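Undergrad:
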Amino acid sequence: MYDRKVEREMKALQKGMCVVGASAIAFTISMASAPAAQAYPMYECRYPLVCVYRTPAPDANYLYYQFNSKPGWQKLPTSVSNYSIVNTRNNDVAYYYGTVSAYDKQAYSRCVSPNTWVSGGSGTVTHIYISESPNC
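Positions -39 to -1, 1 to 97 (mature numbering (1 follows the signal peptide of the UniProt record, and there is no 0)) are the ones given, in order, by the sequence shown.
#1: Could you name the residues of the same chain whose beta carbon sits closer than 8 angstroms to that of ASN76, not counting the 5 residues immediately before and after it, in chain order?
#2: By how many angstroms is the C-alpha of VAL61 removed from the C-alpha of ASN96?
#3: Classify TYR23 as helix, strand or coil using the three-state DSSP reduction.
#4: Classify PRO32: buried if its beta carbon has 16 or more other beta carbons within 10 angstroms, exposed otherwise.
#5: Are the beta-carbon atoms of ILE89 and LEU24 separated by less than 9 angstroms?
#6: Suppose only complete runs of 3+ residues qualify. What are the beta strand (DSSP E) ranges in the region 20 to 71, listed by chain order?
Now the structure itself:
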């Protein structure tokens, strides 16, 4: 009698394991066939770029320069005043370096969070640095 009880429990356990295994396989297949996450351009700045515009608000007509991920600070060909910066990257912040204004030449560095943009106002920007950190 004991052997039959153990045998029934083992069969029930095996059936349960088969259901769990089949569920895991179905989940894996559904995840494999799911479409990849897509990134969309922001103000004509394609993913995964960081773009500098020659206007305080991003405008595709004034797109000046695009950066992709390279080590270290990347220099703009010329400094840009009255600028805006768009960061289309999903998990990386972008730092920019420049001056406060045309009158105040004090240098500073600021951060642009993932999937956002900032206006530089009357200051200038000269360099961009893309960090793998998701937070400023």
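Even for Gly, the Cβ is constructed at its ideal location relative to N, Cα and C. These numbers were taken from a predicted model, which means no experiment stands behind them.
TA: So, from the listed chains and residues:
#1: MET3, ASN48, THR49, ARG50, ASN51
#2: 23 angstroms
#3: helix
#4: exposed
#5: no
#6: 24 to 28, 35 to 42, 45 to 48, 54 to 60
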